[in-house]
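Note that the sequence shown ends on residue 340 in the working numbering; no numbers are left out.
Glycine included, each C-beta is placed from N, C-alpha and C at the ideal position.
Since this is a predicted model, take the numbers as computed values, not measurements.
These notes concern the structure reproduced below.
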Amino acid sequence: MIDSAWPTPNNFTRTWEIKRDKEKPSAPTFTVQPICSGAIIKALTATDNVGVLSFKVYVNGTPTVNVPLTSLQAQTLTSVGVHRTFSGILVLNLTGYAGKKANITIAAVDYGGNEGPAVSTIILVPKGTWYPIVLHEGWNLVSLPLIPNNTATSSIYSLILKQGAAGVTVTYGFDNTAKSWIMNPTTMADGKGYWIYMKAYDVLIVQGLPTPEPPALPTTYHLPAGWCLAGFTETTSMEADVYLESLEPGSYFRWLYVWDAAAQSWTMVDTRPESTDLLAPGQAFWIYLYQDQDLIPPIP
């Protein structure tokens, strides 16, 4: 490089040596926890002389997902295709392997495109499905969008990805019949709502079964007259009037009260048929009934 200095130009010389990185990353280390139609991968790490770019995941030898390290380390719930990541944790969607064995193989990839040695583990994937619920710092009003295969609160909270049960300060359930609060209930059930106070942002993985399809009898939730704290038991959003279509017209107050955990404030959901207000998976809601009713969630 020569500048335009006068009377004598300055000559600057710099030399770069470019080499292709051929050193492969180390074999990864990780733990695997099977869940219904999935697996939770924790403590996933590998080393490399330049740096790890991503992790390639194979299931039964088939490339399934390439997870960028930036996505894996995201501090909020992040989608990588049909899979989810949060705070160094990968939740694999293994719907096609429910009830079967799955050979999970993971290899690290560096910035040079070198794929390191892979590590494999074989798991039995339980039947059912899973759904992630975001829990914000502070108060959360949630419900279980699936029928849990284990209703013990300790079991459900064990799938809070980062903090586990230690991240929960207190939980309140509500007895819709007695109209009284239940502090730190030992069990949690679908169709009910729960106040959960979180120390910090986290993600709860709920596993279990969806609303049963015919010829199985539909799940029925009894709602006594007065205020009831009910749950939304679907894994896809649905218009409020559709979800409540089993209730007799005029048997309940038009507005539902739901909690916006991100804003820590109340919002209202309109149940009129002409309204497009939605209920979302993981939401619980307050509903006022003028008479006893049975809620039978529709089959999506």
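Review point. Based on Cα-Cα distance, which residue from I196, L257, A148 lies nearest to A206?
Key: I196
Practice item. Please state whether DSSP places L109 in a helix, a strand or coil. Key: helix
Review point. Is it buried or exposed for N89, if we count other Cβ within 10 angstroms and need 16 for buried?
Key: exposed
Review point. Is it a yes or a no for the stretch 137 to 145 touching the stretch 69 to 89, going by three-plus beta-carbon pairs under 8 angstroms?
Key: yes
Practice item. Give the DSSP-derived three-state secondary structure of S194 in the structure shown. Key: helix
**Study point:** Where D317 sits in the DSSP three-state scheme
**Key:** coil
Check your understanding: For Y151, does the three-state DSSP call read helix, strand or coil?
Key -> coil
**Study point:** D341 - DSSP class collapsed to helix/strand/coil
**Key:** Nothing can be reported for residue 341: it is not among the residues displayed for the chain, which extend from 41 to 340.
Review point. Is the CB-CB distance between V92 and L109 below 8 angstroms?
Key: yes
Exercise for review: With a 10 Å radius around its C-beta and 16 neighbouring C-beta atoms as the bar for buried, classify A45 as buried or exposed.
Suggested key: exposed
Check your understanding: Sorted by chain position, which residues of the same chain lie with C-beta nearer than 7 angstroms to G156's C-beta, five sequence neighbours on each side aside?
Key -> K64, P65, S66, A67, A86, A147, A148
Point to revise | Host alpha helix (DSSP H) of V282 (start-end) | key: 280 to 283
Point to revise | beta strand (DSSP E) segment containing V174, residue limits | key: 169 to 175
**Study point:** Check whether K82 and T69 have beta carbons under 8 angstroms apart
**Key:** no
Practice item. Less than 8 angstroms between the CB atoms is what I'm expecting for L319 and Y283, so what's the real figure, rounded? Key: 6 angstroms
Check your understanding: Ordered along the chain, which non-local residues of its own chain (more than five positions away) have a Cβ less than 6 angstroms from that of L132?
Key -> G78, A79, H123
Exercise for review: Check G136 in the structure and name its three-state DSSP category.
Suggested key: helix
Point to revise | Cβ pair S94, V107 closer than 8 angstroms | key: yes
Point to revise | beta strand (DSSP E) segment containing F126, residue limits | key: 123 to 126
Practice item. Count the C-beta pairs between the stretch 304 to 319 and the stretch 248 to 264 that are closer than 8 angstroms, then say yes if the count reaches three, no if not. Key: no
Review point. Less than 8 angstroms separating the beta-carbons of W179 and Y237?
Key: yes
**Study point:** Secondary structure, beta strand (DSSP E): runs of 3+ residues fully inside the stretch 210 to 280
**Key:** 220 to 223, 234 to 238, 242 to 249, 261 to 263, 266 to 271
**Study point:** Selected residue, minimal CA-CA separation from P185, among P172, W221, H176
**Key:** P172
Check your understanding: Buried or exposed: L164, going by 16 or more other Cβ atoms within 10 Å of its Cβ?
Key -> exposed
**Study point:** Closest by C-alpha distance to A265, when choosing among K202, Y292, R54
**Key:** Y292
Exercise for review: To the nearest angstrom, report how far apart V208 and Q323 are at their CA atoms.
Suggested key: 18 angstroms
Exercise for review: Could you check what DSSP says for G204 in three-state terms: helix, strand or coil?
Suggested key: helix
Review point. Just to confirm, are L181 and W267 a CB contact at a threshold of 8 angstroms?
Key: no
Practice item. May I ask which residues mark the beginning and end of the beta strand (DSSP E) holding I75? Key: 69 to 75
Exercise for review: Return the chain-ordered list of same chain residues with a C-beta closer than 8 angstroms to the C-beta of T311, the five sequence neighbours on each side being excluded.
Suggested key: A280, D281, L284, Y292, R294, W295, L296, D317
Check your understanding: Which of the three DSSP states, helix, strand or coil, is assigned to I341?
Key -> Any question about residue 341 goes unanswered here, given that the chain covers just 41 to 340.
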